[in-house]
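Per this note's numbering, the sequence shown starts with residue 179, numbered consecutively. Here a beta-carbon is modelled for each residue, glycine too, at the ideal position from N, C-alpha and C. Keep in mind the model is a prediction, meaning the values are calculated, not measured. Down below is the structure, laid out as structure tokens.
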Amino acid sequence: MQQSFKSTMILVLLCLATSVNLAMAHINGFGEQPLSKIAILKTTLALRDSVSLKAQPLILGLKGEDTQLVTVDLENPDPSANDWVGVFSPAKFNSSTCVLHDSKEQTPYICTAPIKYMSANHSDSAYTKTGKTTMKFQLINQRADFSFALFSGGLSTPKLVAVSNFISFANPKAPLYPRLAQGKSWDEMTITWTSGYDINEAVPFVEWGLKGDNQIRSPAGTLTFTRNSMCGSPARTVGWRDPGWIHTGFVKNLWPNSVYTYRMGHQLSNGSYVWSKIYKFKSSPYPGQDSLQRVIIFGDMGKAERDGSNEYSNYQPGSLNTTDQLIKDLSNIDIVFHIGDITYANGYLSQWDQFTSQVEPITSTVPYMIASGNHERDWPNTGSFYDTTDSGGECGVPAETMFFVPAENRAKFWYSTDYGMFHFCIVDSEHDWREGSEQYKFIQQCLASADRQKQPWLIFAAHRVLGYSSDYWYGQEGSFEEPMGRESLQRLWQKYKVDIAFYGHVHNYERTCPIYQNQCVNTDKYHYSGTVNGTIHVVVGGGGSHLSEFSSLTPGWSIYRDYDFGFVKLTAFNHSSLLFEYKKSSDGKVYDSFTISRDYRDVLACVHDSCEATTLAS
């Protein structure tokens, strides 16, 4: 009896440990922010005059560029395979820049992580023999100067060997990286950008107008955040970097489906102006307008470095492919939704600039709408629904500041937005969505407010999988969903006849049948006509971060699964026809698709748990 009890307890403990490990593996995604691998606070000095480290050109962006390749020449008489070069910005990074919270603490020599790094033998494997190499780093304008530092000892025991000369951009404070977003009304566009200008130093504004017409100026608001705005480390410590100033201008009373040009400007105290490049966008169609409308949706893209730096365990290998495919097809895209896990900065603030630079060709041209994910928001004791450390101490602040969303309160990252024949309900899965919560009431109101005669295509989106997924961890957990997800929401999806629900978080692609209460309600797979009877659930978290394995079990409701990077494109041709396409990021080709064809009466039709009350009275 006693032996049986011991065996049972051991089995229970093993199961608990396995569950915890699986949960943490899922939360952390089997990956790490590359900069977190550097034990920067353990750096020791091993400076050698015999080492030469030179960077050129000294001044970047002389022709107005905000991105430029830098050449770093290294000569080291004592090379090692563990040598690496870090890029620091601001260029001065010794102990004088350290912020200590306890006067008794011993001051480390370096208190801030580099903005990127590269192995010294990255471009020339002969470096370990010759001690000579030429490295290429792609730098973006990040409002401060740069220096390069050679370290030996690898990432875990870094020894500072040499520091290069300082270099900088010609105009480090320039207005850069515009991000368009829908405003709170259909005829409003918001333009957010980053600069080095405090509002007391220069007044920000947007100059805009119909292409070829007179231009007008609209003022912009200015926000920023400080180290003390961060909730924990590394965002508050080694990952901290000044984010500059974030400006948002509101351009209103736009004509539908019209091309506008714009540029960001700052008026200095002496009356002179600093200007950005000239950009253009196409305004939103009138709600319900019958025209060709094309929507891109994906999650979990993150960022990657085109110069090959910062790569660790192939953390975000698909990010550039997704970005480049969208840029390539930009003339055929009207609006983009990035549904959570935006940069994977995880508390290393320099990465937000890197991301906004990477996506600038997209965000400057079409509205780029984001949702909140665990890597933006989650931090213990800060009000997030999940008590994890996935945000690296950011607790939502950078995401809420760097990107505009038409939410009533950006700290509560849920909102609705319209685009022509589409009505979108964007949910914040990092706050409570269960019945009775504030967000649940929003979801109900958002779905109920859709005028299906004008906007027949009703879309729900959240970061975590509140619907269906045969992800490995969800399969092990047994629910094939985020715990407590669809139990609270499926009656709302059914009652208001949501067409498609999209999710990220799980880094792959999966599409279900039209489904309600775990049962397929339609036998078709590739063409749905008339009354559909249920909601199609789509996981589209393969935007760029490391991929997630599927469960060995394939549920009957799972129609198509793909272990690859990709995104979804929705094309509404009119009020009756919608095309869904899943495209791989590697080649932009369509690998899964379906169509929906129906009339308004089909939307009104009575289906299970979605029937309006009737009376026999006449």
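If you draw a straight line from the Cα of P353 to the Cα of D244, it is about 10 Å long.
The straight-line gap separating the alpha-carbon atoms of T566 and E572 is approximately 12 Å. Around the C-beta of R484, fewer than 16 other C-beta atoms lie within 10 Å, and the residue is accordingly described as exposed. Of the other Cβ atoms in all chains shown, fewer than 16 fall within 10 Å of the Cβ of T732; this residue is therefore exposed. Taking the Cα positions, D512 is about 15 Å away from L757.
Note on I237: under 16 other CB atoms within 10 angstroms of its CB, so exposed under the neighbour-count rule. Linking S775 to F315 through their CA atoms gives a straight-line distance of about 50 Å. Counting only residues of its own chain and dropping the five nearest sequence neighbours on each side, I693 has a CB closer than 6 Å to the CB of G712 and W735.
Per DSSP, the beta-bridge partners of A380 are L446. If you compare the alpha carbons of L670, R588 and D323 with that of W611, the shortest gap goes to L670. Here P576 has W530 as same chain residues with Cβ atoms under 6 Å from its own Cβ, once five neighbours each way along the sequence are excluded. Going by DSSP, K294 is part of the beta strand (DSSP E) stretching over K294 to S297. The beta-carbon separation of F745 and G719, rounded to 10 Å, does not stay under the 8 Å limit for a contact. In the displayed model, S274 falls within a helix according to three-state DSSP.
Looking at the DSSP output, A639 shares a beta bridge with I604 and F680. Annotation note: the segment 285-324 contains the following uninterrupted alpha helix (DSSP H) runs of length 4 or greater, listed N- to C-terminal: 305-308.
Following the DSSP letters along the chain, one finds T370 inside the beta strand (DSSP E) bounded by residues M367 to S373. Fewer than three pairs of CB atoms, one per stretch, sit closer than 8 Å, so the segment 335-346 makes no contact with the segment 389-407. Beta bridge pairing from DSSP links P692 with I714.
If you draw a 10 Å sphere on the C-beta of L782, you find fewer than 16 other C-beta atoms in it, and that means exposed. Per DSSP, reduced to three states, the secondary structure at G387 is strand.
Of L625, S729 and R689, the smallest CA-CA separation from S788 is found for L625. Judged by their CB atoms, Y295 and S487 are nearer to each other than the 9 Å cut-off.
Taking C-beta atoms under 8 Å as the contact rule, L498 and A523 fail to qualify, at a distance of about 17 Å. Along the segment 724-758, the beta strand (DSSP E) occurs as fully enclosed runs of 3 or more residues at 736-740 and 744-750, listed in sequence order.
Residue pairing from DSSP places P397 in a beta bridge opposite F383.
In this structure T312 touches D251 by the C-beta definition: roughly 5 Å separates them, less than 8 Å. Where T773 is concerned, the enclosing beta strand (DSSP E) starts and stops at V768 to S775.
Counting only the Cα atoms, I424 lies some 7 Å from T370.
Within the same chain, Cβ atoms closer than 6 Å to the Cβ of P545 are found at L358, A359, Q360 and I513, the five residues on either side in sequence being excluded.
The criterion of a C-beta distance shorter than 9 Å is satisfied by K389 and K458. Rounded to the nearest whole angstrom, the CA to CA distance from A291 to F271 is 9 Å.
When only Cα atoms are considered, P558 and S607 end up about 16 Å apart. In the DSSP assignment, the residues bridged to S707 are S775. Per DSSP, the beta-bridge partners of K458 are T439. Inclusion of C603 and F658 in the CB contact set at 9 Å is not warranted, their separation being larger than that value.
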